[in-house]
Structures are given as C-alpha cells and as structure tokens.
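Peer 1: Each residue of the sequence shown is one higher than the last, beginning at 247 in this note's numbering. The beta carbon of each residue, even a glycine, is placed where N, CA and C say it ideally should be. I am attaching a structure below and will ask some questions about it afterwards.
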Amino acid sequence: MSPSSETAHGQRLVIVESPAKAKTIKGYLGPGYIVEASVGHIRDLPSTAAEVPDKYTGEVRRLGVDVDHDFAPIYVVNADKKSQVSKLKSLLAESDELFLATDEDREGEAIAWHLQQVLKPKVPVHRMVFHEITKTAIQEAVANPRELNQRLVDAQETRRILDRLYGFEVSPVLWKKVMPKLSAGRVQSVATRLVVERERERMAFRTASYWDLVGTFGTGRTPADAANPETFGARLASVDGKRIASGRDFGSDGRLKAGSANTLHLDEQAVRQLAAALEQTAFSVRSVESKPYRRSPYAPFRTTTLQQEASRKLGFGAKRTMQVAQKLYENGFITYMRTDSTTLSDTAISAARTQVTQLYGADYLPDAPRTYASKVKNAQEAHEAVRPSGDRFRTPAETGLSGDDFKLYELIWMRTVASQMKDAVGQSVTVRVGGAAADGRDVEFSASGKIITFHGFLKAYVEGADDPNAELDDRERRLPQVTQGDPLAAERITPEGHATKPPARYTEASLVKELEDREIGRPSTYASIIDTIIQRRYVFKKGTALVPSFLSFAVVNLLEKHFGRLVDYDFTARMEDDLDRIAAGEAQSVPWLKRFYFGEGEGAAGGAAEAGNGDGDHLGGLKELVTDLGAIDAREISSFRISDDLTLRVGRYGPYVERASVVEGEPGRRADIPDDLPPDELTVELAEELLAKPSGDFELGPDPVSGNMLVAKDGRYGPYVTEILPEGTPKTGKNAVKPRTASLFKTMSLDTVTLEDALRLLALPRVVGTDAEGAEITAQNGRYGPYLKRGTDSRSLTSEDQLFTITLDEALAIYAQPKQRGRAAAAPPLKELGTDPVSERPVVVKDGRFGPYVTDGETNATLRKDDEVETITPERGYELLAEKRARGPVKKVAKKAPAKKAAAKKTTTTKTAATKTAAKKTAAKKTTTKTAAAKKTAAKKTAAAETTATDEG
247 MSPSSETAHG QRLVIVESPA KAKTIKGYLG PGYIVEASVG HIRDLPSTAA EVPDKYTGEV
307 RRLGVDVDHD FAPIYVVNAD KKSQVSKLKS LLAESDELFL ATDEDREGEA IAWHLQQVLK
367 PKVPVHRMVF HEITKTAIQE AVANPRELNQ RLVDAQETRR ILDRLYGFEV SPVLWKKVMP
427 KLSAGRVQSV ATRLVVERER ERMAFRTASY WDLVGTFGTG RTPADAANPE TFGARLASVD
487 GKRIASGRDF GSDGRLKAGS ANTLHLDEQA VRQLAAALEQ TAFSVRSVES KPYRRSPYAP
547 FRTTTLQQEA SRKLGFGAKR TMQVAQKLYE NGFITYMRTD STTLSDTAIS AARTQVTQLY
607 GADYLPDAPR TYASKVKNAQ EAHEAVRPSG DRFRTPAETG LSGDDFKLYE LIWMRTVASQ
667 MKDAVGQSVT VRVGGAAADG RDVEFSASGK IITFHGFLKA YVEGADDPNA ELDDRERRLP
727 QVTQGDPLAA ERITPEGHAT KPPARYTEAS LVKELEDREI GRPSTYASII DTIIQRRYVF
787 KKGTALVPSF LSFAVVNLLE KHFGRLVDYD FTARMEDDLD RIAAGEAQSV PWLKRFYFGE
847 GEGAAGGAAE AGNGDGDHLG GLKELVTDLG AIDAREISSF RISDDLTLRV GRYGPYVERA
907 SVVEGEPGRR ADIPDDLPPD ELTVELAEEL LAKPSGDFEL GPDPVSGNML VAKDGRYGPY
967 VTEILPEGTP KTGKNAVKPR TASLFKTMSL DTVTLEDALR LLALPRVVGT DAEGAEITAQ
1027 NGRYGPYLKR GTDSRSLTSE DQLFTITLDE ALAIYAQPKQ RGRAAAAPPL KELGTDPVSE
1087 RPVVVKDGRF GPYVTDGETN ATLRKDDEVE TITPERGYEL LAEKRARGPV KKVAKKAPAK
1147 KAAAKKTTTT KTAATKTAAK KTAAKKTTTK TAAAKKTAAK KTAAAETTAT DEG
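Here is the structure:
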C-alpha cells in the first residue's frame, strides 16, 4: 500500500494517541487520510464502583476484576473520553480502512487493542508502527503494516491486573492503620522503601575523623611550562609501610573496618608531629609507573540513561525529561523515547558518521561503525536508542528549538554523534615520593596524573556524574617529567583533616539507576513512579535530593513487618522476570495470578513452575495477607523511639514528638514536627527544643459574653486563638457548631497575646459603617492581608492595626479613590544573591505578601522559618529555588459549578406532544437521581480507586 493511492482505497482513518502526534503525521500523509487522536487510553479498569456496570456486585465491583473467573477484567470507557470515542466511531463509519498507529510497546499495543474492541470496525484493520516521525518512516509504516501482537496485549493486561490487585488490596490497610488516602503499589512501595532505607543508614551513621598530609614538591627545573610543571602536589600514602587510612576504610559505625591491620589511622596530633619531623627531610622520586589510558564512547541514550544525564547536566527531573522528550518525538525531532535499546539503525549510524567527519574531521572517525549491545535484562521494546530522527541529523542550531526543547535535543544529538567517534587515548602516571623523617620513620607520598593525547569522542560529549566531587573523563592532571631517583624539595607540607560522610541521599537520577540495577519495574515507568511517591508525600525534594517523609517511615514499617514479601527487592525483581516470561509465551497469566492472589493450594491451579516461576517460590497469597489485620498495631507501626522518654509518632494530621507522661494513663507532652524536616536531622536535642517551645495551649480567660474559655495555640500553619466549646456541643451533622478561630497578627506572639487581643481578633470582621446608599463597609482579615469590603468591592489596607482603627470617613476616602488595576510599582529587592546555576538568571530576595522570598524572575520560593534576609547565602537561595522547581507548579482545583435550578415553567400554551416529552424527561431524571444515590454507598466503599495510582502501565 502507498500513501498516494487514496483513490484506489478510499478514505483511511489513522488513530494515534496525541493531537500533536496526529498533526505531525497528517502533514506526511496528505489527502485520503484522516489522522485523529484517541487522546491516550480510551478504556481502562473502573476508577470507582460507580463506573462499574450494575450487573457486577461484591468483590468484582470493588476491584474491577473478577478474581473468581480467571481474573477477567471489567473495562469501562473513561467518562472524559466518551465524546472522543463517538467522534472516532463517526469518522470510522466514513472510512474504508483503519490504521492503529499507537506506540510500539506494551502500552501502545494495549491502546490499539482497546480501540479495536470499542470501535468494532467492519473495515480492514492494520497495525501501523514506526520509531520516528519522519516522512519516510510514516510512509514505510503505512506501506508495511502488521497485525496486532496479542502477546504484548496479554502481557500488559496481566501487569495492569496485578497492579490493580496490589493497589486496591494493600492501600485500604494503610488507610486503616496509618492515615486515610494513602496508596501502595508494586513498584512505588519498593522505591519508597529504598529512599527510607537510605535515610535509616544516614540516621545510624557515625562520623569518623582522620588526618593526612598534603605535600607540594618542586623539581627545581626552570623554565616550567603547562606541559612540564615545576611543582606538583602529592598526598601521604604510607608510614613505615602501613597504608594511611582514608574514608573508605571506615564503617558506618565510625570505626575502622575489619581487615585493616596494615592501615594506620592518624589523628590531628599525630599528623602535626609527623609534619614537624619532615621539615628537614630530603625527598626523592621512588617510582614512576606509566600506563596507557583509553576511554571508549558512551552508548547512545536509552530511557533511563537519558533521565540520569538530563538530571545531572540540565537539572531536569525524570518527569520533566519525559515530557520534553515526548514533545520532541511527537514533533519529529527524535526517535521514540521509551526504549531499553542502545542500538542504532544503519541509517542512523551513517548519519552520525557523516556528522563526525563534517564537524570534527576524518581523524575522529573510526574505521568501522560502533555497535552497542543492550545491558538491560529482558529488554522488550523493539526500538532504537533515543537519537535525532531522520537519515540526516539536524544540528541543534538547525532545529529552531528553544528553551528545554533545545537543551534536551542538544544533549541527545551530542551523545549520538559522540557514540560513533574514536576512543580518547593518553597516559596515566603514578609517582611515589619518599623520604625519612627526623624520628626515623619512612614516609611515602603518592601523586597521580593523566594526560589525554587524543580527545576523540570527548571533543563532543563528556558524561556527568552523580557525585559532585567526582572527576569527569575529560579532566587532565599533569605531572612534571621525572624519573626514579630524582631529588625533590618539599615546598610545603600541610596537615589536612577529613570526616567521613553518611551515604548520599538518592537523587532522581541515582534512584532511577538503582531501580534499573536491581531490575525492579520497567525503565519506561520510572518517571511516573518517582512522580507518584512525591505527589503522595512519601518523598520530598531538598535541592535535588529525595528525602523521605516521616509518613513514609510509618508506611514502610508496616509493609516490611506485615507484607515483607511485597516490598522485598529480590522478590519484586523475580516478579518482573515472571511477567517477562508471560510476555514471551513461556508461562501462563491466569495460573500465575491465582498463585499471587490466592497462594498455593486449593485456590491455585498448577504448581509453581506451571505458574511461571520455575524456582518454586511461594508467592504467599495476597488475599489472605490483607484479610486478617488484627495483628497490626497501628500505634506501634507509627511510633519510633528517639530516646528513653521521647518518641516520634506519625498521626493522622502529621508527625509529632511526644514525651511520655509521668502519670500513667495521661497523654504526654507533644510538639508538632515541621513537615519539611529531614528525618536524619531529628536529634534528641532538636526534639527537646521543640518540646520546650510554648505548646500554644495558653488559657487567656473566659469570653465575657459566652463564658467559653479562650485559648492561644500554635498550629501547623501558625499561632492562633480559639474558643473551647462546652462538652456535649455537636461537632458533626446539621447542628454542628464550629469554634471561632482567628490567626494572630504578624506583630503578635504566643508569649504576648492577651485576652483583650483575642476578643478583638475573634470580633472580626468589624463593621466600619454604611455609605450614603446604605451599603455596609466591613474591615476583614484575609489570606492576602487586611482589607475593606463593600458588597463585591474590596480595597486593601496597609496594616493589620487598621482593622480596629479605621474610621468610616477614612474608609469612604479610600473608596473615593479609583480602584488600582494591575500591580503596584515593584519594590526594590531586599538583597541580591548572584546568578542561579540552573536558570542562569540573577537571583534576588524580595518582600512579598506572605513575607520575604527569593526569585530569579521565573521561579519564586518563600524563605523558611530559619532563613533570615540578612544572613541568607546565595547557595541557600539557589537551593530553595531548586526545591520549588522540583515540586512543579501548584495544581489549581477547579470549583464545581453549582447545580442549576430548574427553570420556571412557562405559562404559555404548548403542544401536547411537548408536554408528554417533558413528563418523560422528569421521570427519567427522578430515576437517575435514585440510581445515583444508590451508587454512592458502593462508591464510598471503593475509594481505593481514587487514592491508588497505577503503579506501572
């Protein structure tokens, strides 16, 4: 078939996932083709019980899967896709052929299958696949379609069912025992455990200090030049044959590791004594060891290495990287971005080699093309590596791209071209310098150097590193040309102290690498998994580091103690192997699901080998695990000992520290813990400090009118005053009474607030008076500060004190002025911090409505409680901006429009038929209302769907 033969074949409908992809492809196909988007998945498992057809009841309705009948899934068309499905059906009715052009991976194949099932085409159906969106690739895909790959569809369906069972069965346990609206997932829970375990290691870590010497040695030769320096630095390596201890010799307990008998641990005093003993020492070169240096190019990008490098070099999170890559792919700039492959097509290799010659010269082109084998186990995508699209690569300058699109394309382009260049070569040299100290001890210093004689691929691309102190591949360290026996003069010998550091927290890049190295989950889903654990508040970002919340400690604690297998790293990786065997047709889906859900025995069909796990491991039976919850002590799960009498607890409203009460049965003293406090920073000293702060339960005195006691409290969102309602006051229902509450002014504090202050605060809003037309003017305190209100017209006040002092005449004078539109003139910055390393824009501190904040003109970040304008450093400002960027924009929740009241019936005469129609509509409306009300109860029972995200897809 050819795209130009529309006259012979009539109209063809091509369905892709996104409108952007449809627009690009449409330009390559021309007349005779209609290209329309499904806008992602059109059908899925129901998200709530209300979406499940009425014929299903019980567990099927709750899970959306019939576990008693071979785990048959219940699929429903998404509510927001019904209009698009109708449009696709209408277009299909006018077409002679259907081309399903979704992505060629498990998820894309599943979308194509669902489209076929829902649209029920009566015309020929073709599966159209391509890995890049270029004219040639699209035309070849149309000319060479294939059939749907049912094996891929079944594999994706098995994963979807598995993740539904895991999420919908385990998440309710978390609601009951930890906190409502939490979620668990096959991979997200394991990823969370990794982050928590790293924080535990940091908490258990004990710092060790060690010292050594750094010497600067001179050769005495002149003149010196860059290629042959006169001096070089070397570090103390051994004393009397014993190796000097360095950071790697110490364990997490701060002690030397076992097997360190030949290691010498020096403290400050010992090092200074040794330095003094070396002041008159004559040094000489004891050995020079030279080895050839060779570095081969890095493989082209696959999904995970692209995410890691974009994080290191561009500061992109995994989600942001994939969003930009998706856009580049859909607009025809790069190949498909979800891939496990590092291979390049012959066309791509030819394009890369051509650009090597054009840009760097023939000397940088190897004689034969380079090929790269995938290191990913069970790589399932049949794609190329992520590379620029087409048979000729556009340089970044030729693309017309800008911003994030340009940065990511340039990264991909450089990596792809560099992969077809020659090795970098050079020499690495190690020089040992020795001498005898005045006290007779023999010492040796060591220096290492590297000279790159031919940079090869390093001219085009140098890979980043997760460790900011790591040396990159293109760095040179030149040593003078010396030979054994050459005398050297010690110009300086300086003692240096060091301290071991706790293991670094995961970044998005290093967590992606860890998950891939452990073979947990699918690389193409890591971005969504990291986004999920951040959105669920299990993890937050501090700079680029992923910090677990105290909430995640409670969740992981429960899962480890009562669902250990489900968050075991090896077990999760073996499950991935099982799923890959199912995809390959080497195992059957239903027996494996039965074994996972019901366990081995009567509920399972077949043995372990038949179920797809030949090692005979017992999956445990998820259903039984979540049925008996009596052994789970909710308080114990969420409690963590800080000291003998101090305990951290994770409550339903957040974490707090508690001191045990001296009186049995009475609650202890409590203090809230800041939400953004890293767990490894909660020390006994900090806990004591939090408890020592005013608790906020200060009785100010009774209200002279109501008699209710007024108290001042320190809440999670700041200090406030409230009233204590009498016992027996209804708190829920139609007759519920809420206590009056008001935040303290910025000029007030818990230490100084009085009963009079509280009465004035609780009296707000204050009626100032009425204008000439009888409209009431009130003074109110809102989220944006103090203001006046007259009807719908509000005007800002300059200070909180004006709420009590402003007179009617002053208020009328304010309203007599024209209302200010837009923003007032910008105030000068409070402080300038420098240039942000990510946005490369100037960073300043400004005073805003909610207090001082840092901004680079694009991103704003409010200063924290401990940050002061006078003392904040540039690095702290950059860190706050990085954290804000990592969180992304605040999602605005759209307010639901109030239900419209039925229009009043017209009294004009209408036709009888119209009256009957209206009557039918009314009856139908009543029936619908009853049905919806009946469904509400069932929907409440299955709120799991609303709080558990799809773990993988």
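Among residues of its own chain, excluding the 5 on either side of valine 460, which ones have a beta-carbon nearer than 7 Å to its beta-carbon?
Peer 2: Here the set comprises Gly479, Arg481, Thr740, Glu742.
Peer 1: Go ahead and pull the three-state DSSP assignment for leucine 259.
Peer 2: Three-state result, leucine 259: strand.
Peer 1: Along the beta strand (DSSP E) that carries glutamate 742, what are the first and last residues, could you check?
Peer 2: Segment 733-745, the beta strand (DSSP E) holding glutamate 742.
Peer 1: Quick one: grab the DSSP three-state call for aspartate 409.
Peer 2: It is helical.
Peer 1: Enumerated in chain order, which unbroken segments of the alpha helix (DSSP H) with a length of 4 residues or greater are wholly contained in the region 363-403?
Peer 2: If we require 4 residues or more, the alpha helix (DSSP H) runs fully inside the region 363-403 come out as 381-389.
Peer 1: Could you say which of Gln553, Ile379, His701 lies nearest to serine 635 if we only look at CA atoms?
Peer 2: Comparing Cα-Cα distances from serine 635 to each of Gln553, Ile379, His701, the minimum goes to Ile379.
Peer 1: Leaving out five residues before and five after serine 995 in sequence, what residues of the same chain have Cβ atoms less than 8 Å from its Cβ?
Peer 2: Correct list, in chain order: Pro965.
Peer 1: Helix or strand or just coil, what does DSSP make of threonine 581?
Peer 2: Threonine 581: coil per DSSP, three-state reduction.
Peer 1: Between the alpha carbons of glutamate 1129 and lysine 787, how many angstroms are there, rounded?
Peer 2: Cα-Cα distance, rounded: 6 Å.
Peer 1: Using 8 Å as the threshold, is the region 510-525 in touch with the region 450-458, meaning 3 or more CB pairs across them?
Peer 2: Yes: the two stretches touch, three or more of their Cβ pairs being nearer than 8 Å.
Peer 1: What span of residues does the alpha helix (DSSP H) with threonine 1081 cover, start to end?
Peer 2: No alpha helix (DSSP H) holds threonine 1081; the beta strand (DSSP E) holding it covers 1077-1081.
Peer 1: Short of 6 Å in beta carbon distance, which residues of its chain neighbour leucine 839, apart from the five on each side in sequence? Order them along the chain.
Peer 2: Phe317, listed in sequence order.
Peer 1: Can you give me the Cβ contacts of threonine 699 inside the same chain, cut-off strictly under 8 Å, excluding the 5 residues immediately before and after it?
Peer 2: Excluding positions up to five away in sequence, the list reads Val671, Gly672, Gln673.
Peer 1: Just confirm the distance between the C-beta atoms of valine 903 and leucine 894, as a whole number of angstroms; I'd bet it's less than 8 Å.
Peer 2: Yes, they are in contact, since the Cβ atoms of valine 903 and leucine 894 sit about 6 Å apart, within 8 Å.
Peer 1: Quick check on DSSP: helix, strand or coil for threonine 998?
Peer 2: Three-state result, threonine 998: coil.
Peer 1: Mind checking whether proline 748 and phenylalanine 451 have CB atoms under 8 Å apart?
Peer 2: Result yes, Cβ atoms of proline 748 and phenylalanine 451 sit closer than 8 Å.
Peer 1: Around the C-beta of glutamate 535, are 16 or more other C-beta atoms found within 10 angstroms, so that it is buried, or is it exposed?
Peer 2: By the neighbour-count rule (16 or more Cβ atoms within 10 Å), glutamate 535 is not buried but exposed.
Peer 1: Does the separation of the CB atoms of valine 311 and leucine 411 fall below 8 Å?
Peer 2: Result yes, Cβ atoms of valine 311 and leucine 411 sit closer than 8 Å.
Peer 1: Which residue comes first and which comes last in the alpha helix (DSSP H) that contains serine 596?
Peer 2: Run containing serine 596: 592-606, per the alpha helix (DSSP H) assignment.
Peer 1: Would you kindly report the start and end of the unbroken beta strand (DSSP E) that includes isoleucine 883?
Peer 2: Segment 880-883 is the alpha helix (DSSP H) holding isoleucine 883; no beta strand (DSSP E) there.
Peer 1: Which of the three DSSP states is assigned to glutamate 1125 in this structure?
Peer 2: Looking at glutamate 1125 - three-state DSSP - the assignment turns out to be helix.
Peer 1: Only counting the same chain, and skipping five residues up and downstream in sequence, which positions put a Cβ closer than 8 Å to that of alanine 880?
Peer 2: If we look at alanine 880 and ignore the five residues flanking it on each side, its Cβ neighbours are Lys422, Lys423, Val424.
Peer 1: Would you grab the beta carbon distance between leucine 1058 and leucine 1049 for me? Rounded to a whole angstrom, and I think it's under 8 Å.
Peer 2: About 17 Å; that fails the 8 Å criterion.
Peer 1: Hey, could you find the ends of the alpha helix (DSSP H) threonine 438 is sitting in?
Peer 2: Segment 434-450, the alpha helix (DSSP H) holding threonine 438.
Peer 1: From alanine 850 to valine 802, what does the alpha carbon distance come to, in whole angstroms?
Peer 2: For alanine 850, the predicted model reports a pLDDT of 41, less than 50, meaning its position is unreliable; a value from the coordinates is still stated below. Each residue's Cα considered, the two are about 29 Å apart.
Peer 1: Less than 7 Å between C-beta atoms, sequence neighbours within five positions excluded: which residues of the same chain meet that for valine 728?
Peer 2: So the qualifying residues of the chain are Thr465, Val531, Val534, Val677.
Peer 1: From glutamate 945 to aspartate 1003, what distance separates their C-alpha atoms?
Peer 2: Their backbone Cα atoms lie some 13 Å apart in a straight line.
Peer 1: Mind checking which residues open and close the alpha helix (DSSP H) that includes aspartate 990?
Peer 2: In the sequence as displayed, the identity of residue 990 is leucine instead of aspartate. From DSSP, leucine 990 is part of no alpha helix (DSSP H); its letter is neither H nor E.
Peer 1: Where DSSP assigns a beta bridge to asparagine 1106, which residues make up the other side?
Peer 2: Bridge partners of asparagine 1106: Thr1101.
Peer 1: Compute the distance between the beta-carbons of lysine 992 and glutamate 910, then report whether it is under 8 Å.
Peer 2: No.
Peer 1: In the DSSP assignment, what residue or residues form a beta bridge with valine 896?
Peer 2: Answer by DSSP bridge pairing, in chain order: Pro901.
Peer 1: Beta strand (DSSP E) containing glycine 680: first to last residue?
Peer 2: From DSSP, the beta strand (DSSP E) with glycine 680 extends over 670-682.
Peer 1: Short of 7 Å in beta carbon distance, which residues of its chain neighbour aspartate 499, apart from the five on each side in sequence? Order them along the chain.
Peer 2: These residues qualify, in order along the chain: Arg452.
Peer 1: Given this structure, state the Cα-to-Cα distance separating aspartate 637 from glutamine 601, to the nearest angstrom.
Peer 2: Roughly 11 Å between the two C-alpha positions.
Peer 1: Would valine 930 be called buried (16 or more neighbouring beta carbons within 10 Å of its own) or exposed?
Peer 2: That one is exposed.
Peer 1: May I ask you to report which of helix, strand or coil DSSP gives lysine 488?
Peer 2: Lysine 488: strand per DSSP, three-state reduction.
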